[in-house]
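Residue numbers (this note's numbering), protein chains in the order written: chain A, 1 to 331; chain B, 332 to 662.
Number of protein chains: 2
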Amino acid sequence: MPDQLRSLATALLDSRGADPQAAALQADLLIEAELRGLPSHGLQRLPLLLSRLEKGLADGRAQGACTWSRKAFLDVDGERGLGPVVVMNAMRRLKQKLPETGIAVAAIRNANHIGMLAYYVEAAARDGLIAIVMSTSEALVHPFGGTKAMLGTNPIAIGIPAGDRPFVLDLATSVVSMGKIRNHALRGVPIPLGWAVDADGHPTADPVAAQTGAIAPFGDAKGYGLGLAIELLVAALAGSALSPDVHGTLDDDHAANKGDFLILIDPDAGKGAAPALTAYLDGLRLSRPLDAARPVAVPGDGARSRRAAAIAEGITLPHPLFEQLTALEAA
Amino acid sequence: MPDQLRSLATALLDSRGADPQAAALQADLLIEAELRGLPSHGLQRLPLLLSRLEKGLADGRAQGACTWSRKAFLDVDGERGLGPVVVMNAMRRLKQKLPETGIAVAAIRNANHIGMLAYYVEAAARDGLIAIVMSTSEALVHPFGGTKAMLGTNPIAIGIPAGDRPFVLDLATSVVSMGKIRNHALRGVPIPLGWAVDADGHPTADPVAAQTGAIAPFGDAKGYGLGLAIELLVAALAGSALSPDVHGTLDDDHAANKGDFLILIDPDAGKGAAPALTAYLDGLRLSRPLDAARPVAVPGDGARSRRAAAIAEGITLPHPLFEQLTALEAA
């Protein structure tokens with residue numbers, strides 16, 4: 001079933017002018033999100049992406065124009081390329097630089113949505129490298145103590161090699177995703193107070209009202225601070241837009257002008273203590289949980305086990321989405 | 332009053348064998364914490380530090396032995412030096428490297444407590460540079476869903492230049508500091524449920540019981556993930572101990588074996604959009620707050636205004652601490 005969906009996605013991207021390699025990579029990212037139980041970053045993103053390819057807002061042949069502005073700093077114009085294509089191309093160049101510099105970074109503008117960030121830091125961890133990836137987005141999140149959507153959901157992923165179960169953190173700096181609020185609206189279920197404010201800036205339990213308002217940052221002032229740091233860091237380095245001016249990851253009317261920032265580090269440039277890390281993480285997993293039925297987890301564990309189950313049991317796509325994709329194939 | 336306390340602190344450090352420059356820098360860090368209303372990182376740290384100098388656990392003359400393991404990666408053996416001395420020495424070297432590499436990092440082991448992290452990223456912002464500083468500590472924080480103290484409070488600071496009001500984030504990844512819990516215990520005031528568990532792993536409102544238990548991470552699973560990322564990143568790169576094995580920032584019996592990690596970035600290696608950032612931050616500050624009496628703040632604003640007030644009005648030190656420092660001066 002994943003293989004069938006992968007072929008379908010690849011063929012659809014291919015038919016809209018994507019390079020075979022680019023189509024395969026973009027499809028792989030979407031399928032991997034499905035396998036991890038992250039449908040908000042899975043195949044439901046594909047119809048919009050196809051439309052963007054058709055309209056020239058995404059270029060399925062572009063790799064991104066990379067320039068070393070300094071020895072360890074890669075400046076990337078994404079040339080409207082597919083997000084994963086531009087990111088993986090930049091990551092390859094950073095990796096080549098590490099024997100010389102130990103750390104190298106890439107600041108990316110003008111690339112399409114890069115999707116599930118865990119994908120990239122997992123790939124780095126497989127190569128024995130530490131990676132940090134940040135991205136910005138349309139304004140959806142209000143500042144702590146504020147009421148207006150003025151920050152992106154500004155996700156960050158951090159991957160650190162540790163045996164066969166690397167540490168893989170991937171979090172949005174909002175308390176919840178807009179997708180989850182939409183899902184509550186579809187089901188007619190109220191949202192907890194504290195998740196969002198309505199368009200007038202009042203805290204609301206109504207998921208419909210929340211969709212025209214703003215989502216809260218996670219972790220109060222601290223999570224707001226982290227989200228804002230990502231907002232500023234990415235814009236300053238990539239020259240991308242600040243979130244109130246961002247378009248192009250949720251629509252098919254605008255070029256994507258958000259930014260992405262990648263950090264790649266060779267642990268061997270430092271003291272590289274992978275065996276100690278692995279033992280420590282195993283100790284965490286075995287430490288006494290608050291609820292005996294819910295063992296302590298390390299970021300990445302949940303996604304790994306969901307992926308293993310999905311590979312064994314297959315992916316279930318919502319029927320309307322499957323219909324839509326099949327219709328697009330015939331188009 | 333700050334000047335008098337600064338002279339007292341400098342003289343005390345000097346009398347325990349610190350270099351004049353090292354004594355002045357360490358005293359400045361402690362005074363700056365007091366000025367920002369952060370007494371937990373202020374002069375109350377000084378008696379322990381003096382004892383550590385006397386016992387040879389801190390070396391007031393060491394600068395840290397710095398080696399470029401790769402072109403942008405500085406390996407630092409702190410040689411038991413005073414935290415701010417080793418960090419500022421490493422920062423100087425990173426700064427010298429930026430014209431060549433754009434980004435440079437330092438991994439530090441074997442340095443004493445580096446104190447308030449904001450100090451370092453503020454200094455970088457004054458130089459027009461972006462800085463990220465992370466540090467580890469003794470185990471005080473339990474994993475999300477766990478009950479055992481297995482992580483440090485693992486603070487992170489991020490500084491980004493933006494006109495005369497730079498962004499300065501400085502947060503511990505615990506929901507609250509152990510100092511605040513101690514303060515509740517001293518005053519006999521219960522703590523909110525969710526701040527901590529007791530030694531048996533049960534959530535507690537008793538601040539005395541909390542002191543032998545563990546503090547919660549901030550922001551649930553996300554804050555835990557961030558704190559754990561810092562734990563692993565620092566240990567992997569600096570070769571420092573993982574928090575269950577860390578000693579030496581709260582005692583005067585052990586060498587300090589936690590680690591510190593510094594990242595310095597030249598915004599001019601990227602697109603460096605400082606005017607746009609400044610305008611955006613001003614827009615955030617002026618955006619409608621949830622409570623009209625509490626305007627939206629940008630990280631760094633609160634500390635700046637507390638500092639300005641303290642410079643005008645002076646610092647009030649708790650009398651027992653002032654007595655203790657005066658007695659140490661006579662000793």
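Glycine is no exception: its CB is placed at the ideal position from the N, C-alpha and C atoms. A quick note: this is a predicted structure, and the numbers were derived from the prediction, not measured.
For the pair of segments examined, the region 382-402 of chain B was found not to touch the region 477-493 of chain B: the number of CB pairs separated by less than 8 Å stays below three. In the DSSP assignment, S40 (chain A) falls outside any alpha helix (DSSP H) and carries neither an H nor an E. With fewer than three CB-CB distances shorter than 8 Å, the region 20-28 of chain A does not count as touching the region 217-227 of chain A.
Just so you know, the alpha carbons of K511 (chain B) and P192 (chain A) end up roughly 29 Å apart.
A Cβ of chain B is located within less than 8 Å of the beta carbon of D75 (chain A). Listed along chain B are I491, F498 and L608, each with a C-beta nearer than 7 Å to that of L232 (chain A).
According to the DSSP assignment, I522 (chain B) belongs to no beta strand (DSSP E), since it is labelled neither H nor E. If the five residues before and after D345 (chain B) are omitted, its C-beta is found closer than 6 Å to the C-beta atoms of A354, all from its own chain and listed in chain order. Classified as buried, H444 (chain B) has 16 or more neighbouring CB atoms from the shown chains inside 10 Å of its CB.
Under the DSSP assignment, A205 (chain A) falls outside any alpha helix (DSSP H); it carries neither an H nor an E label. Nearest C-alpha to G81 (chain A) among A:A256, A:G213, A:V168 and A:A131: A:A256. Going by C-alpha positions, P606 (chain B) is about 44 Å away from T278 (chain A).
The three-state reading of DSSP puts V577 (chain B) in coil, since its state is none of H, G, I, E or B. In the same chain as V629 (chain B), and ignoring 5 residues on each side of it, the C-beta atoms closer than 8 Å to its own belong to R496, F498, L612, L615 and R616, in chain order. Taking C-alpha positions only, V175 (chain A) is separated from A342 (chain B) by approximately 48 Å. Secondary structure note for R635 (chain B): it is in no beta strand (DSSP E), and the uninterrupted alpha helix (DSSP H) holding it is D632 to E644.
Under a criterion of Cβ atoms nearer than 7 Å, the residues of chain A adjacent to R625 (chain B) are, in order, G145. Across the region 101-127 of chain A, CB contacts with chain B closer than 7 Å involve T101, G102, I103, V105 and A107, in sequence order along the chain. Residues of chain B whose Cβ lies closer than 8 Å to the Cβ of G201 (chain A) are, in chain order, R619 and L621. Interface criterion met: the Cβ of A269 (chain A) is under 8 Å from a Cβ in chain B.
Remark: C-beta atoms of P207 (chain A) and P190 (chain A) approach each other more closely than 8 Å.
Annotation: the region 207-261 of chain A contains the following complete segments of the alpha helix (DSSP H) (minimum length 4 residues), in chain order: 207-211 and 220-238. Annotation: R616 (chain B) is outside any beta strand (DSSP E); the continuous alpha helix (DSSP H) that includes it extends over A605 to L617. If you draw a straight line from the Cα of H372 (chain B) to the Cα of Q357 (chain B), it comes to about 12 Å. About 4 Å separates the Cβ atoms of G225 (chain A) and L500 (chain B), confirming a contact at the 8 Å cut-off. A direct Cα-to-Cα measurement between L49 (chain A) and D301 (chain A) gives close to 30 Å.
Counted as a single uninterrupted DSSP element, the alpha helix (DSSP H) harbouring A124 (chain A) occupies residues A118 to R126. V133 (chain A) and S287 (chain A) have their C-alpha atoms spaced approximately 29 Å apart.
When 7 Å is used as the limit between beta carbons, F218 (chain A) is near these residues of chain B: G550 and K553, in chain order. Considering only B:S466, B:I439, B:A442 and B:A435, the residue with the shortest C-alpha distance to A449 (chain B) is B:S466. For A309 (chain A), the closest C-alpha among the options A:A131, A:E34, A:D28 and A:A18 is that of A:E34. Within chain B, the residues whose beta carbon sits less than 9 Å from that of M150 (chain A) are Y611, G614, L615, S618 and V627, listed in sequence order. One finds K71, A72, E100, T101 and G102 in chain A with Cβ atoms closer than 8 Å to the Cβ of K402 (chain B), taken in chain order. In this structure V436 (chain B) touches L593 (chain B) by the C-beta definition: roughly 6 Å separates them, less than 8 Å.
Assigned with DSSP and collapsed to three states, P620 (chain B) falls in strand. Burial is judged here by how many other beta carbons sit within 10 angstroms of a residue's own beta carbon; G239 (chain A) has at least 16 and is buried.
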